[in-house]
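Please read the structure below before turning to the comments.
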Amino acid sequence: MDHILELRGISKYFGDFVASKDVNMLVEEGEFISVLGPSGCGKTTLLRMIAGFMEESEGDILIKGKSMKGVSPEKRPVNIVFQSLALFPMMNVYENVVFGLKRKKIGKEEARELALDMLHRVGLDGFEKKKISELSGGQKQRVAIARSLVMKPSILLLDEPLSALDRKLREHMKVELKELQKEIGTTFIYITHDQSEALVMSDRVAVMNKGLIEQLDTPHNLYNHPKTAFVAGFVGDNNRFEVASREGEKVVTKRGWKVTKPDLDFDPTVMYIRPEAFIVNPEGEVADSEIFEAEINTVLFDGANTKILVKPEGRDEILIALPQNARFQALKEGDTVRVAVAYDNIKCYKE
Amino acid sequence: MDGNKKAFYFLFIPVALWLFILIILPHIDLFLSSFKPNSGEDVYTLENYSAFFADPIYWRTFINTASYAIGVTLLAFVVSFPIAFYLVKVISPKVSGFLMLLLLIPLWIGELVTIYGWVILLGEQGVINESLKFLGLIDHSLPLIYNNLSMTIGLLYMSMLFMIIPIMTTMESLDDAMIEAASDLGASKWTVFRRIVIPHAMPGIINGSIIVFMLVIGDYVAPNILGGKSSLWFTEQIYNQFLSTFNWNQGAAFGFLLLIISSATIWMALRLSGQKLDKVGD
Ligand SMILES: Nc1ncnc2c1ncn2[C@@H]1O[C@H](COP(=O)(O)OP(=O)(O)OP(=O)(O)O)[C@@H](O)[C@H]1O
Ligand SMILES: [Mg+2]
Chain R
69 MDHILELRGI
79 SKYFGDFVAS
89 KDVNMLVEEG
99 EFISVLGPSG
109 CGKTTLLRMI
119 AGFMEESEGD
129 ILIKGKSMKG
139 VSPEKRPVNI
149 VFQSLALFPM
159 MNVYENVVFG
169 LKRKKIGKEE
179 ARELALDMLH
189 RVGLDGFEKK
199 KISELSGGQK
209 QRVAIARSLV
219 MKPSILLLDE
229 PLSALDRKLR
239 EHMKVELKEL
249 QKEIGTTFIY
259 ITHDQSEALV
269 MSDRVAVMNK
279 GLIEQLDTPH
289 NLYNHPKTAF
299 VAGFVGDNNR
309 FEVASREGEK
319 VVTKRGWKVT
329 KPDLDFDPTV
339 MYIRPEAFIV
349 NPEGEVADSE
359 IFEAEINTVL
369 FDGANTKILV
379 KPEGRDEILI
389 ALPQNARFQA
399 LKEGDTVRVA
409 VAYDNIKCYK
419 E
Chain A
153 MDGNKKAFYF
163 LFIPVALWLF
173 ILIILPHIDL
183 FLSSFKPNSG
193 EDVYTLENYS
203 AFFADPIYWR
213 TFINTASYAI
223 GVTLLAFVVS
233 FPIAFYLVKV
243 ISPKVSGFLM
253 LLLLIPLWIG
263 ELVTIYGWVI
273 LLGEQGVINE
283 SLKFLGLIDH
293 SLPLIYNNLS
303 MTIGLLYMSM
313 LFMIIPIMTT
323 MESLDDAMIE
333 AASDLGASKW
343 TVFRRIVIPH
353 AMPGIINGSI
363 IVFMLVIGDY
373 VAPNILGGKS
383 SLWFTEQIYN
393 QFLSTFNWNQ
403 GAAFGFLLLI
413 ISSATIWMAL
423 RLSGQKLDKV
433 GD
């Protein structure tokens, strides 16, 4: 069985500038894949190559096993939801959605039914006659998605479609989009620089940095087993420590913190520990863990996300997440806490 | 009265005077005289206007001129639209700025000179004919000038820019992603133009068409210099009334008829195409 999408060693150069570098990807039918990376890392470029608006300098793109070399955008079985949405303001909602269907050789009645059904699915019943300028941000969003989905593409490409929305609406659309994708079953390639969007919605996430895919994995693995320092730093909150040297089983940070990390077979340059990997005032014995005492510098109250900052004397500052537990409510600045972190949760990399 | 208001009147009064003395007053005078008989009697009559409809030479010339102007306007659109698209969407802004400058040159030189330029190019002993003869392609000069073709070239040349610029202005606000979205949805290049680019540029097209139509129908230089014996332009009729027949009252009436009928034509064209005048200014 062919994969719905296969990227084989895609590279793209703009003069000397490398926008994509040897990108490889295998996508299963019906998957929700996110491409996550900071601004300017080449996400849009990759998407435009898949859609056919830009030609790759090297490599090959295969959709359902067929090479897309020389196939123009209107002939590819993919559709794209643009960063700017690019709705047609000279047409009403219905005309926007039916635009693509009219280009296909299908009957007028059938096209009408398909378009109305799609508008119904995205919750825009009764909006057919509205002008684009009369819609809210979220409604425009839905029209753009309906306009592409109605074409029944093999793959739907979405370029940061939620970035123009305010926070509240974005949270809402995130859930809605995921449910829509599950219901319709179309393969989604979703571009974003918002890691929470990527983690919440996707089956797998490709983390991109400077044109390179650093890790393509499930959200769970990305978060818990980042393969590179970039992924560790980019996905989720993390404590970063610059490493100066290794002394046997111990890693020494530049600030002089000695942390036990057994079984290292290389000399790391950075170390990452997640805020929630620390256990505050552990009860009883904790095995295979680094344990230290520190005074609380600051309590950062944020409801369920309350954190504390500790700064063991002369050493790196550490951000620690507090579990929602009555036991920790009373902690305040100046208290001394005992902190444990399992060796497994200490991630070391060579940059 | 505060300073702001004083400054306003200080600037406004000269403008108002200018408008009134140099534009409105002469028009009122012309308008009044268009109702006076040529005999010089101090009465008001419609005979100057009825003369237009009574003598076929007048209204035929007018219809001829108006249809020609419509044709030139359409032609100007067909030629200008790809140029405007090319300048805005295809090449880099730096190059298009330079090309714009080149397009503006004929405007700086003035219509009379550029039209004579075409005489030099197209004339019997003009550049084109002489070159072709030199190359041995022809023995006798081709009749390139003093016909409807040369007149059309001249009219097109002097009015085209006024079509290109408004179209460029509206085209600039067209999001490139919109064009890509359309082709992503399976639209051919032709469909993209017909359904996306042209509707988007419509206000500019209407704007440009009105200007070009008015410029062409009211032009005197190109038809007079480049046109042939048969291509009689209505402005030439007006000119004749003023300077050959010395019937100023008749000339004034023709002038106002030109203004009224061409305005009516534009109004009708807007109504027929479903456009609203207030949208044209966008
Ligand atoms: N046509 C082009 N010519 C030259 N350089 C380009 C071109 N298109 C993109 N680039 C460069 O390639 C890099 C990646 O651009 P791209 O638009 O893919 O970034 P992105 O990851 O989508 O960023 P954002 O999140 O800001 O949208 C950028 O540094 C950009 O300047
Ligand atoms: Mg982008």
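Quick note, the sequences are listed as chains R and A, same order. Under my numbering, the first residue of the first sequence carries the number 69, and numbering increases by one thereafter. Under my numbering, the first residue of the second sequence carries the number 153, and numbering increases by one thereafter. Just so it is clear, CB atoms sit at the ideal spot from N, CA and C, and this is done for glycine as well.
Between the CA atoms of residue j and residue i - distance to the nearest angstrom
i: glycine 433/A; j: glutamate 142/R; result: With a pLDDT of only 43 at glycine 433/A, under the threshold of 50, the placement of this residue in the model should not be trusted; the figure read from the coordinates follows. Going from the Cα of glycine 433/A to the Cα of glutamate 142/R covers about 35 Å.
i: lysine 246/R; j: alanine 408/R; result: 37 Å
i: alanine 416/A; j: methionine 366/A; result: 12 Å
i: leucine 284/A; j: leucine 274/A; result: 12 Å
i: leucine 182/R; j: aspartate 305/R; result: 44 Å
i: serine 216/R; j: arginine 189/R; result: 13 Å
i: leucine 264/A; j: valine 271/A; result: 11 Å
i: methionine 354/A; j: arginine 346/A; result: 11 Å
i: glutamate 385/R; j: isoleucine 259/R; result: 33 Å
i: proline 221/R; j: glycine 168/R; result: 11 Å
i: alanine 168/A; j: isoleucine 175/A; result: 10 Å
i: leucine 75/R; j: valine 166/R; result: 31 Å
i: serine 414/A; j: asparagine 300/A; result: 21 Å
i: valine 146/R; j: phenylalanine 85/R; result: 27 Å
i: leucine 233/R; j: lysine 295/R; result: 32 Å
i: phenylalanine 302/R; j: glycine 98/R; result: 26 Å
i: alanine 372/R; j: arginine 383/R; result: 28 Å
i: alanine 179/R; j: asparagine 393/R; result: 56 Å
i: histidine 240/R; j: valine 95/R; result: 26 Å
i: asparagine 399/A; j: isoleucine 257/A; result: 38 Å
i: glutamate 163/R; j: arginine 395/R; result: 59 Å
i: isoleucine 129/R; j: lysine 137/R; result: 7 Å
Whole-angstrom C-beta distance between residue j and residue i, which should lie under 8 Å
i: leucine 290/R; j: valine 268/R; result: Between valine 268/R and leucine 290/R the Cβ distance is about 12 Å, and since that is not below 8 Å, they are no contact.
i: alanine 214/R; j: leucine 187/R; result: 6 Å
i: isoleucine 418/A; j: glycine 407/A; result: So it is not a contact: roughly 17 Å between Cβ atoms.
i: serine 357/R; j: alanine 410/R; result: 5 Å
i: valine 338/R; j: alanine 297/R; result: 5 Å
i: aspartate 267/A; j: leucine 378/A; result: The residue asked about is misnamed: residue 267/A is isoleucine in this sequence, not aspartate. Indeed, because the Cβ distance is near 6 Å, the residues count as touching under 8 Å.
i: glycine 127/R; j: methionine 276/R; result: In fact, because the Cβ distance is near 15 Å, the residues do not count as touching under 8 Å.
i: methionine 315/A; j: serine 232/A; result: 4 Å
i: leucine 308/A; j: alanine 228/A; result: 6 Å
i: alanine 404/A; j: serine 191/A; result: Contact doesn't hold; Cβ gap of about 15 Å is too wide.
i: isoleucine 223/R; j: isoleucine 131/R; result: 7 Å
i: glycine 356/A; j: methionine 323/A; result: 7 Å
i: glutamine 209/R; j: proline 229/R; result: 6 Å
i: valine 349/A; j: phenylalanine 237/A; result: 7 Å
Bridge partners - residue i, DSSP secondary structure assignment
i: alanine 168/A; result: Paired residues: none, contrary to the question.
i: tyrosine 268/A; result: Partner(s): none; tyrosine 268/A has no beta bridge.
i: leucine 280/R; result: Asn277/R
i: arginine 314/R; result: Val319/R
i: isoleucine 257/R; result: Ile101/R, Leu225/R
i: leucine 410/A; result: Answer is none; leucine 410/A lacks a bridge partner.
Short Cβ contact (9 Å threshold) for residue i with residue j
i: valine 405/R; j: glutamate 344/R; result: no
i: tyrosine 401/A; j: asparagine 200/A; result: Looking at the sequence shown, residue 401/A is not tyrosine but asparagine. Their beta carbons are under 9 Å apart, which means asparagine 401/A touches asparagine 200/A by this criterion.
i: threonine 197/A; j: phenylalanine 187/A; result: yes
i: isoleucine 72/R; j: threonine 255/R; result: yes
i: alanine 119/R; j: isoleucine 148/R; result: yes
i: leucine 182/A; j: leucine 255/A; result: no
i: asparagine 160/R; j: lysine 111/R; result: no
i: histidine 352/A; j: serine 325/A; result: yes
i: asparagine 307/R; j: tyrosine 340/R; result: yes
i: phenylalanine 156/R; j: glutamate 332/A; result: no
i: serine 152/R; j: leucine 114/R; result: no
i: arginine 323/R; j: glutamate 315/R; result: no
i: leucine 296/A; j: glycine 278/A; result: yes
i: arginine 171/R; j: alanine 339/A; result: yes
i: alanine 221/A; j: valine 368/A; result: yes
i: glycine 306/A; j: alanine 218/A; result: no
i: valine 348/R; j: asparagine 365/R; result: no
i: glycine 360/A; j: isoleucine 290/A; result: no
i: glycine 279/R; j: valine 103/R; result: no
i: leucine 226/R; j: isoleucine 257/R; result: yes
Under 7 Å by beta carbon: chain B residues contacting residue i
i: phenylalanine 256/R; result: Of the protein chains in the structure, R and A, none is chain B.
*Which residues count as close to ligand 3 when the rule is a CB under 7 Å from any of its heavy atoms, in chain order?*
The model on display carries ligand 1 and ligand 2 but not ligand 3.
_Suppose only complete runs of 4+ residues qualify. What are the alpha helix (DSSP H) ranges in the stretch 73-144 of chain R, listed by chain order?_
For the stretch 73-144 of chain R, whole alpha helix (DSSP H) runs of length 4 or above, ordered along the chain, are 111-119.
_Entirely enclosed alpha helix (DSSP H) segments - the stretch 321-396 of chain A, minimum 4 residues_ = 328-336, 350-369, 373-378, 386-395
*At which residue ranges does the stretch 327-402 of chain R contain complete beta strand (DSSP E) runs of 3 or more residues, listed in the order of the chain?*
As summarised for the stretch 327-402 of chain R, the continuous beta strand (DSSP E) elements at least 3 residues long and confined to that stretch are 338-341, 346-348, 357-368, 375-378, 386-389, given in chain order.
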